[in-house]
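Numbering (this note's numbering), first residue to last: 15 to 280.
Shown next as structure tokens:
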């Protein structure tokens, strides 16, 4: 029986795949058979019980101490149910790692991914999807986990720190889990968006008669918040993310001028 779980719960487009691959290198961590099973935000699945969830791992009792999985849908409330309820109901120890990123950068990256996969109905220049905004309200997303498991069960990381110092961040998580040092090698950035960009460009280039530069400009309009949208995002998230900074010690806003979003399409 597995008695300790580590979940990388998001945020979407904040380096969770990279972190998952790094954490999984520790011999005492059992990686999930699927990187994003989304088991715990699907009531039809988790109501089957803990034994059904355990089937997602090849668990070796004499070797493994933590069962690892990463599903960014666990931090997409209310579009997806929070996994806090399922993990609380299971009654075994869970720990959660949450990686946060500048909201405007994260939204831009989410739109690139979501448009390529058909998850949003229209580009951002036709209106900001409300669920995408809420995915950047990191305080809101963590609230159910704090209520169910306490702050001590949660480790919040900065995307920028993960990108700049991936091995140090990984070792920090291992130490937080009580694990000893182990060999570790960089894995490079995973799921970085090039595939999504290529997929969208393949649709756009023919529409512009083969003009690649025109297609690129259109793609930028599709995924980049306007100056007005950027100001709206900052206004709507300001209070919660200031409280988040006070509570977790991480200022998610980039130091760059907020007008950079509009300049990207000029």
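Just so it is clear, CB atoms sit at the ideal spot from N, CA and C, and this is done for glycine as well.
Query                                                                                                                                                                   : Result
If you check the beta carbons only, do residue 71 and residue 45 fall under 9 Å apart?                                                                                  : yes
Tell me where the beta strand (DSSP E) around residue 264 begins and ends.                                                                                              : Premise fails: residue 264 is in no beta strand (DSSP E) and is neither H nor E.
Which runs of the alpha helix (DSSP H), 4 residues or longer, sit entirely within the region 110-198?                                                                   : 117-131, 144-148, 152-163, 173-178, 180-190
Return the chain-ordered ranges of every alpha helix (DSSP H) run that is complete within the region 221-253 and spans a minimum of 4 residues.                         : 226-237
Which residue wins for smallest C-alpha separation from residue 237, given the options 43, 152, 130?                                                                    : 130
Taking its Cβ as the centre, do 16 or more other Cβ atoms sit within 10 Å of residue 113, making it buried, or is it exposed?                                           : buried
Can you tell me whether residue 253 is buried or exposed, with buried defined as 16 or more other CB within 10 angstroms of its CB?                                     : exposed
Can you check DSSP and say which residues form a bridge with residue 44?                                                                                                : 81
Identify every residue that forms a DSSP beta bridge with residue 106.                                                                                                  : None, per the DSSP bridge assignment.
By DSSP, does residue 219 sit in helix, in strand, or in coil?                                                                                                          : helix
Roughly how far, in whole angstroms, is the beta-carbon of residue 39 from the beta-carbon of residue 198, given that I think they are within contact range, below 8 Å? : 6 Å
Looking at C-beta atoms only, is the number of pairs between the region 91-109 and the region 120-136 that lie closer than 8 Å three or more?                           : no
If we call anything under 9 Å between Cβ atoms a contact, is residue 147 one with residue 250?                                                                          : yes
Straight-line CA distance for residue 184 to residue 35?                                                                                                                : 10 Å
Alpha carbon to alpha carbon, how far is residue 224 from residue 168? Give it in angstroms, no decimals.                                                               : 49 Å
Among the residues of its own chain, which have a CB less than 8 Å from the CB of residue 214, if the five just before and after it don't count?                        : 126, 129, 130, 233, 236
Give the secondary structure of residue 19 by DSSP, where H, G and I count as helix, E and B as strand, and everything else as coil.                                    : strand
Measuring only the C-alpha atoms, how far is residue 69 from residue 51?                                                                                                : 11 Å
With DSSP as the reference, label residue 73 as helix, strand or coil.                                                                                                  : coil
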